[in-house]
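Residue numbers (my numbering): 144 to 423.
Notes follow the structure.
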Amino acid sequence: MKVVKTIKEVREQVNAWRKEGLTVGLVPTMGYLHEGHQSLIRKSVEQNDRTVVSVFVNPIQFGPNEDLEAYPRDLNRDMQAVEEAGGNLIFNPEPSEMYPSHFTSFIDTTETTELLCGAVRPIHFRGVCTVVGKLFNIVKPDRAYFGQKDAQQLATIRRFVRDLDFDIEIVPCPIIREEDGLAKSSRNTYLNPAERQAALILSKSLKLGQQAIDAGERNAETIINIIKTNLKTEPLARVDYVEVVDFANIQRVEKIEGETLVAIAVYIGKTRLIDNFIWK
Ligand code: PAF
C-alpha cells in the first residue's frame with residue numbers, strides 16, 4: 144500500500160493499472176478513518192481490482208466558524224486502517240496541490256442542497272462537489288463509494304454525476320453504528336464521556352420515528368414531532384433540524400411515500416452530529 148502526495152503520482156499509478164486492464168474504485172475521505180470508512184473500502188475492494196483512498200481535509204467545504212483547524216488528522220493511523228481494509232493507494236495531497244492560486248472554478252448544485260445541512264452550511268456542498276469532481280477527474284475511477292450517513296451529500300453527488308455526465312458508478316453504503324447505536328463519525332472524538340452518552344439520543348429518537356412509520360403513520364409532521372419531542376428530553380442536546388424529505392430531490396414531503404429520508408442534525412454540547420434513516 145502506497146501513499147502519494149501529487150496528482151501526477153496518482154495518474155501514473157492509475158494509468159499503469161489501466162494498462163494491465165484493471166478496474167479502479169475510489170473512496171473519498173477526510174481521514175481519521177473508522178469502521179464506517181473501512182466498510183466503504185472493503186466494498187470497493189470487493190467490486191474493483193484496485194482501490195484508491197483519498198485522505199484530504201478539504202478546506203473549501205468548511206465555513207468560517209466551522210472546525211477546519213480542529214478536524215482530527217492522523218495519517219499513520221489512516222495508513223493502517225486502509226491497509227487492514229485492503230486498499231492499494233492513499234492520495235494525501237496538500238491543499239496547495241488541490242487548490243493552486245487563483246483557483247476559481249466550482250461545482251455548484253441547487254435543489255438537493257437547499258434544505259438540511261445545505262440550509263445552515265451555505266458553502267459546504269459547493270466545496271464537497273468541487274473536491275469530489277476534482278478527485279473523479281484525477282483518479283477516473285470506475286466506481287466511487289459514499290456512506291448513507293451523509294445522505295444529502297450522497298443525493299447531491301449522484302445528482303451532479305448525472306447532470307454533468309461523469310462516467311462513474313456511485314455506490315451507496317449503509318451507516319455503520321457503534322454497538323449502542325451511535326452512528327460512526329470522525330467527529331465523535333470531540334465528545335466527552337457525558338456527551339458521548341447523551342449522543343445516543345439521536346439514534347434512539349430516529350428509532351421512534353422509524354417505528355411509527357413501520358406501524359403505519361404516514362404524516363411527515365407527526366414523525367417530525369415524535370423525533371423532536373424525544374430529542375428534547377436530553378438536556379445536552381440542541382436540535383438543529385429534523386426533516387422528512389424525498390431522498391432523490393431532498394425536498395420536503397407532507398406524506399411519507401416512495402423513498403423517504405428522515406434526517407436530523409443535533410448539537411451535543413458544541414459538536415454537531417447528523418444521523419438519518421431511509422424509508423422505502
Ligand atoms: O464525506 C466526506 O468525508 C467528505 O465530504 C468528502 C466526500 C470526502 C469530500 O471532502
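Glycine included, each C-beta is placed from N, C-alpha and C at the ideal position.
- For S244, the three-state secondary structure derived from DSSP is coil.
- Exclusion of the five residues before and after Q353 leaves F420 as the residues of its chain whose Cβ lies within less than 6 Å of its Cβ.
- Listed in chain order, the beta strand (DSSP E) elements of length 3 or more contained wholly in the region 300-341 are 312-316.
- Looking only at K347, E338, T365, the smallest Cα-Cα distance to P378 is reached by E338.
- Remark: C-beta atoms of S187 and Y288 approach each other more closely than 8 Å.
- Classified as exposed, S239 has fewer than 16 neighbouring CB atoms from the shown chains inside 10 Å of its CB.
- In the DSSP assignment, N191 falls outside any beta strand (DSSP E) and carries neither an H nor an E.
- Beta-bridge partners of W160 (DSSP): none assigned.
- Set against 7 Å, the gap from the CB of P236 to the closest heavy atom of the ligand PAF is not smaller.
- If the five residues before and after R361 are omitted, its C-beta is found closer than 6 Å to the C-beta atoms of K398, I399, all from its own chain and listed in chain order.
- The closest CA to that of N280, considering only E257, F246, D251, M241, is found on M241.
- Per DSSP, the continuous alpha helix (DSSP H) segment holding F268 begins and ends at 267-282.
- Distance from the CA of E386 to the CA of K162, rounded to the nearest whole angstrom, comes to 47 Å.
- Short note on D221: C-beta not closer than 7 Å to any heavy atom of the ligand PAF.
- Around the C-beta of T253, fewer than 16 other C-beta atoms lie within 10 Å, and the residue is accordingly described as exposed.
- DSSP, reduced to helix, strand and coil, places T365 within a helical segment of the structure shown.
- For N201, the shortest separation between its Cβ and any heavy atom of the ligand PAF lies below 7 Å.
- Residues M222, I233, N235 of the same chain have their beta carbon placed closer than 7 Å to that of V146, with the five preceding and five following residues left out of the count.
- At the C-beta level, I344 and A355 stay beyond 8 Å of one another.
- Taking every protein chain shown into account, the CB of K148 has fewer than 16 other CB atoms within 10 angstroms, so this residue is exposed.
- For E227 and V167, the gap between their C-alpha atoms comes out near 18 Å.
- Assigned with DSSP and collapsed to three states, P215 falls in coil, not helix or strand.
- When the beta-carbon positions are compared, A408 and C272 stay at least 8 Å from each other.
- Closest in C-alpha terms to V282, from the list T372, L169, S248, comes L169.
- In this structure, D210 has its CB at a distance of at least 7 Å from all heavy atoms of the ligand PAF.
- As computed with DSSP, L404 is found in a beta bridge with V388, I421.
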